[in-house]
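Take the sequence shown: its letters are residues 1 to 487, numbered as in our numbering. C-beta atoms are modelled at their ideal positions from N, C-alpha and C, and glycine is treated no differently.
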Amino acid sequence: MPNTQTPSPSTPEWVKHAVFYQIFPDRFARSPRTQHPRGIQLKPWGSPPEEQGFQGGDLLGIVDKLDYLQELGVTALYLNPIFASASNHRYHTYDYFQVDPLLGGNQALRELLDRAHARGIRIVLDGVFNHASRGFWPFHHILENQHNSPYLDWFIIHDWPLRPYASGPGNPPNYEAWWGIPALPKLNTNNPGVRDYLFEVARYWIEFGIDGWRLDVPEEIDDDEFWRQFRRVVKTANPEAYIVGEIWYPAPRWLQGDMFDALMNYPFTWITLSFFGANSLNTTWSHSHLHFRPLDAPAFAQAIEQMHAHYHWEINFAQLNLLDSHDMPRALWLLGEDHSALRLCALFQMTMPGAPCIYYGDEIGLSSPGDPHCRAAFPWHQPDSWNTALLDFYRRAIALRHRHPVLRTGDFTPLYAQGQVYAFRRALGEQQAIVAFNAATQPQTIPLPEIPPGFTQAWPDSPRLSVDRQSGKIILPPREAVVLVYR
């Protein structure tokens, strides 16, 4: 195992054993128990996501679906922003101390936390601390009072009068805003009052009972001491709280043990989809940090090794390994609708170091291009549209991870990488596992070191695959994988 430098950073133990499920709250589930004022107009559930608007998913809707999530095997939820906002994605925060009333308010979060924790399910919230919205009370104070407002230094203002509704290259906002979007004024985190306010937000919700923060665009607050203090505040309130940053590229600077516990592991995303989807990959979508291209097994193995080498293994075990998210196309769409590729990706996710994270609906075969299409409503109203075989696959693959601790915290050693075949070993004390994938469309014979007696085929349940213990050869059917576990 590479990168074993000391001292070891500390990460929450529970994260290494968790299976996360990401929920976009407005589109996951609507509960009849959520009381809205009479006369409000929500979009019909299942409306095309490109219409924008609010479809009425709420936190009690998540509570109502906890049976489903527990049966899937989920042990942690990552929620996109839930605080009061005038956008369905809620990255435009105007009150950091109030859960959006459309989501059920603070009491709905209280019920979700209590009911989820009773089932052993943790809750991580999305923290948007780089920017707020035009409706955030200090910015509104400036709009009303212009240069006479005492909150001028909470933002970075260049000129007067402010142009909060201007946009476009010819008429940009005259204050710092995220990506130049006037609705998202950037907070001046050099201001001690702003820092105090944001740290109080972080502390308040940890003490309220959440289990961690996913940090939105944290590299845009380019101040290590801000994040060191953020960590001290959060870890003082709960030493086991999880801090995971949204950074799309390798970023060891933030993972030295004094700022974040982990990152959303987008390098894992492109590596995994590029190998298992090599025969069908949809390369029409691009991102500055995700370069999807077909990989063969040697290139795949090299990319995995490089991904792990950036960090101490304590960090690698806590990384949030995802196949897609609300900011990109669905994995199945990127895989060219190849369900066998998605199954291999999901099983790889469940057998690798790092906490797997499923984007809501992937497990039933939702497929779409990027934002806003990837934010469609979960089709509870259309159960016939579900891919139930895929759902069963996800349940079994997640159960496999839960059943074998070696797949969660065991050492990782690559064993074989040729053509479209990749294999590795996990080891934890006396327990070991060999995991082998055949991404090719033809059967493959995989030569491995001698396999000791006493192994069991943990995956698939059937058929029993041909394994020659003496020669160390495994014959794998096309588009199939095997997990052998032994002591």
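> Straight-line CA distance for Ala458 to Val485?
Replying inline: In a straight line, the C-alpha of Ala458 is about 6 Å away from that of Val485.
>> Once DSSP output is grouped into helix, strand and coil, what is the label at Phe455?
In response: In the structure shown, Phe455 adopts coil according to DSSP, grouped into three states.
> Tyr175 bridges to which residues according to DSSP?
Replying inline: Under DSSP, the beta-bridge partners assigned to Tyr175 are Ile157.
> Between the stretch 306–318 and the stretch 272–291, are three or more C-beta pairs nearer than 8 Å?
Replying inline: Flag = no, the stretch 306–318 and the stretch 272–291 do not touch.
> Hey, how far is the Cα of Arg33 from the Cα of Leu60?
Replying inline: A direct Cα-Cα distance of roughly 7 Å separates Arg33 from Leu60.
>> Under 8 Å, with one C-beta from each stretch per pair, do the stretch 269–280 and the stretch 333–346 reach the 3-pair mark?
In response: In short, these stretches touch, since the Cβ pair count reaches three.
>> Using only the alpha-carbon positions, how far apart do Ala297 and Met307 sit?
In response: Cα atoms of Ala297 and Met307: separation of roughly 15 Å, rounded to the nearest angstrom.
> Hey, out of Gln319, Ala440, Ile221, Asn190, whose CA is closest to Pro12's CA?
Replying inline: That would be Gln319, whose Cα lies nearest to the Cα of Pro12.
>> By DSSP's criteria, His131 is part of a beta bridge. Which residues make up the other side?
In response: According to DSSP, which records beta bridges pairwise, His131 is partnered with Lys186.
>> Once DSSP output is grouped into helix, strand and coil, what is the label at Phe83?
In response: Strand, per DSSP.
>> Only counting the same chain, and skipping five residues up and downstream in sequence, which positions put a Cβ closer than 6 Å to that of Pro477?
In response: Pro443, listed in sequence order.
> Got a sec? Which residues, its chain only, sit under 8 Å from Ala440 by beta carbon, not counting five neighbours each side?
Replying inline: Closer than 8 Å at the Cβ level, and outside the excluded window around Ala440, lie Gly419, Gln420, Val421, Pro478, Arg479.
> Taking C-beta to C-beta, are Ile243 and Val234 nearer than 8 Å?
Replying inline: Yes, Cβ-Cβ distance for Ile243 and Val234 is below 8 Å.
>> Just to confirm the assignment, what range does the alpha helix (DSSP H) spanning Ala116 have?
In response: Segment 105–118, the alpha helix (DSSP H) holding Ala116.
> In chain order, what residues of the same chain lie with their CB nearer than 8 Å to the CB of Leu187, ignoring the 5 residues before and after it?
Replying inline: In the same chain as Leu187, and ignoring 5 residues on each side of it, the C-beta atoms closer than 8 Å to its own belong to Phe129, Asn130, His131, Ala132, Trp154, Phe155, Val194, Leu198, in chain order.
> Could you give the residue range of the alpha helix (DSSP H) that holds Trp259?
Replying inline: Correcting the residue type first, residue 259 is Met in the shown sequence and not Trp. Premise fails: Met259 is in no alpha helix (DSSP H) and is neither H nor E.
> Taking only runs of the beta strand (DSSP E) that begin and end inside the stretch 373–438, which ones reach a length of at least 3 residues, in chain order?
Replying inline: Counting only unbroken stretches of 3 or more residues, the beta strand (DSSP E) elements lying wholly within the stretch 373–438 are 411–418, 421–428, 431–438, in sequence order.
>> Taking its Cβ as the centre, do 16 or more other Cβ atoms sit within 10 Å of Ile40, making it buried, or is it exposed?
In response: Ile40 counts as exposed, since fewer than 16 other C-beta atoms from the protein chains shown sit within 10 angstroms of its C-beta.
> At which residues does the alpha helix (DSSP H) containing Ser466 begin and terminate?
Replying inline: From DSSP, Ser466 is part of no alpha helix (DSSP H) but of the beta strand (DSSP E) over 466–468.
>> Using 8 Å as the threshold, is the C-beta distance between Tyr359 and Leu322 below it?
In response: Contact flag set, yes.
>> Considering only the alpha carbon of each residue, which of Trp213, Ala423, Ala377 lies closest to Gln52?
In response: Nearest C-alpha to Gln52 among Trp213, Ala423, Ala377: Ala377.
>> Between Arg395, Val406, Arg426, Glu450, which has its C-alpha nearest Pro460's C-alpha?
In response: Per the Cα distances, Arg395.
> Apart from the five residues just before and just after Gly104, which ones in its own chain have a Cβ nearer than 6 Å to its Cβ?
Replying inline: If we look at Gly104 and ignore the five residues flanking it on each side, its Cβ neighbours are Thr34, Asp58, Leu59, Leu60.
> Which two residues bound the contiguous beta strand (DSSP E) that contains Phe97?
Replying inline: Start and end: 93–99.
>> My parser needs the alpha helix (DSSP H) runs of 4 or more residues fully inside the stretch 283–312; what are they?
In response: Complete alpha helix (DSSP H) runs here, min 4: 297–309.
> When the Cβ atoms of the stretch 137–148 are set against those of the stretch 160–171, are three or more pairs found closer than 8 Å?
Replying inline: Segments in contact, yes.
> Beta-carbon separation of Gln98 and Ala118 under 8 Å?
Replying inline: Going by C-beta atoms, Gln98 is not nearer than 8 Å to Ala118.
>> Less than 8 Å between the beta carbons of His373 and Pro49, yes or no?
In response: The answer is yes: Cβ separation under 8 Å.
>> I'd like to know whether the C-beta atoms of Leu290 and Thr269 end up nearer to each other than 8 Å.
In response: Cβ distance < 8 Å, so Leu290 and Thr269 count as in contact.
> From which residue to which residue does the beta strand (DSSP E) around Tyr266 run?
Replying inline: Element bounds for Tyr266: not the beta strand (DSSP E) but the alpha helix (DSSP H), 266–276.
> Just checking my contact of Gly127 with Asp216 at CB under 8 Å: how many whole Å lie between their CB atoms?
Replying inline: Confirmed, about 6 Å.
> Can you name, in chain order, every residue of its own chain whose Cβ lies under 7 Å from the Cβ of Glu207, other than the five neighbours on each side?
Replying inline: Only Ala237 meet the Cβ criterion.
> Taking the continuous alpha helix (DSSP H) assigned at Lys16, which residues delimit it?
Replying inline: Residues 13–16.
> Hey, would you say Val63 sits closer than 8 Å to Ile121, going by beta carbons?
Replying inline: Not in contact: Val63 and Ile121 (Cβ atoms no closer than 8 Å).
> What number of angstroms, rounded off, separates the C-alpha of Lys43 from the C-alpha of Arg426?
Replying inline: Taking the Cα positions, Lys43 is about 48 Å away from Arg426.
> Do you know whose CA, among Gly46, Gly370, Tyr96, lies nearest Arg203's CA?
Replying inline: Nearest option by C-alpha distance: Tyr96.
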